[in-house]
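For reference, the structure discussed in these notes is given below.
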Amino acid sequence: ETGVTQSPTHLIKTRGQQVTLRCSSQSGHNTVSWYQQALGQGPQFIFQYYREEENGRGNFPPRFSGLQFPNYSSELNVNALELDDSALYLCASRAGLNTEAFFGQGTRLTVV
Amino acid sequence: KNEVEQSPQNLTAQEGEFITINCSYSVGISALHWLQQHPGGGIVSLFMLSSGKKKHGRLIATINIQEKHSSLHITASHPRDSAVYICAVSALNTDKLIFGTGTRLQVFP
């Protein structure tokens, strides 16, 4: 039990739709990052939020966006879904920069 | 070339065997993480280290900063150790995690 929960656990969407994935971090964890993991691959960094501000972004297009809230929850939004967006999406929370990361169970998104 | 490389990609062992998984990285880091991922997706942090060696139960992690190399050892392996083991580094200036592609370990009774 990592204390980080993600919802929903599974989701099926149609190409072109929009999706919002949610992550509830451990209390006091002011850093949250999101990752995309395609089948058989390691997770790829999407972006990171520190105290509600984005402070790092990977090679993902602007249709991937996020928010972090004062209550330590966060969202990943993906617009104009494409088939290649099908993956496991993981969030990880940390108490601060350069500290241990605690991962959620992930949301498995399938785009059809 | 990936910034974090792991070897081997797949590993099969008999119960009781000593296992080593290697990780090499090419970027400046503030820390290295060893993670375990079971089928279904959840990732558990095993170690976070920036120098030397750490031990937890049957697991040992070492890091050589000069050589940019880390190893994860499992002593007296057990079928419940079967999982994907992922090496990730915290990049020095951005603190973002960069992941290796993982090592799939299967331990047979």
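Chains as they are written, first to last, in the numbering used here: chain A, -16 to 95; chain B, 364 to 472. C-beta: ideal position from N, C-alpha, C; glycine also. Here the structure is a predicted model, which is why all the values come from computation and not from measurement.
*Report yes or no: is there a C-beta of chain A within less than 7 Å of the C-beta of B/Ser387?*
no
*On a CA-only basis, which of B/Thr375, B/Ala424, B/Gly379 is nearest B/Ala337? Give me that one, please.*
Missing from the structure shown is residue 337 of chain B; chain B here goes from 364 to 472 and no further.
*Quick one: measure Cβ to Cβ for B/Ile437 and B/Ile382, integer angstroms, because I've assumed they're closer than 8 Å.*
4 Å
*Between B/Met411, B/His401, B/Ala376, B/Phe462, which lies nearest to B/Pro472 when the distance is taken from Cα to Cα?*
B/Ala376
_Counting only Cβ-Cβ distances shorter than 9 Å, please list the residues of the segment 382 to 407 of chain B near chain A, keeping chain order._
Ser393, Ala394, His396, Leu398, Gln400, Gly403, Gly404, Gly405, Ile406, Val407
*Using a C-beta cutoff of 7 Å, does A/Gly39 count as contacting chain B?*
yes
*asked:* On the DSSP letters alone, give me the boundaries of the beta strand (DSSP E) that A/Arg91 sits inside.
replied: 90 to 94
*Can you tell me which of the three DSSP states B/His435 falls into?*
In the sequence on display, residue 435 of chain B carries Leu and not His. If DSSP states are grouped into helix, strand and coil, B/Leu435 belongs with the strands.
_chain A contacts from the segment 453 to 465 of chain B (Cβ-Cβ distance under 8 Å)_ = Ser453, Thr457, Asp458, Lys459, Leu460, Ile461, Phe462, Gly463, Thr464, Gly465
*So, helix, strand or coil for A/Leu66, using DSSP?*
helix
*May I ask you to report which of helix, strand or coil DSSP gives B/Arg467?*
strand
*Measure from the C-beta of A/Phe43 to each C-beta in chain B and report whether the shortest distance is under 7 Å.*
no
*Going along chain B in order, which residues have a C-beta closer than 8 Å to the C-beta of A/Gln19?*
Going along chain B, no residue has its Cβ under 8 Å from A/Gln19, so there is no contact; the nearest lies around 11 Å.
*Hey, is B/Ile449's beta-carbon within less than 7 Å of any beta-carbon in chain A?*
yes
*Along chain B, in chain order, which residues have C-beta atoms closer than 7 Å to that of A/Pro26?*
Phe462
*Between which two residues does the beta strand (DSSP E) carrying B/Thr375 extend?*
373 to 377
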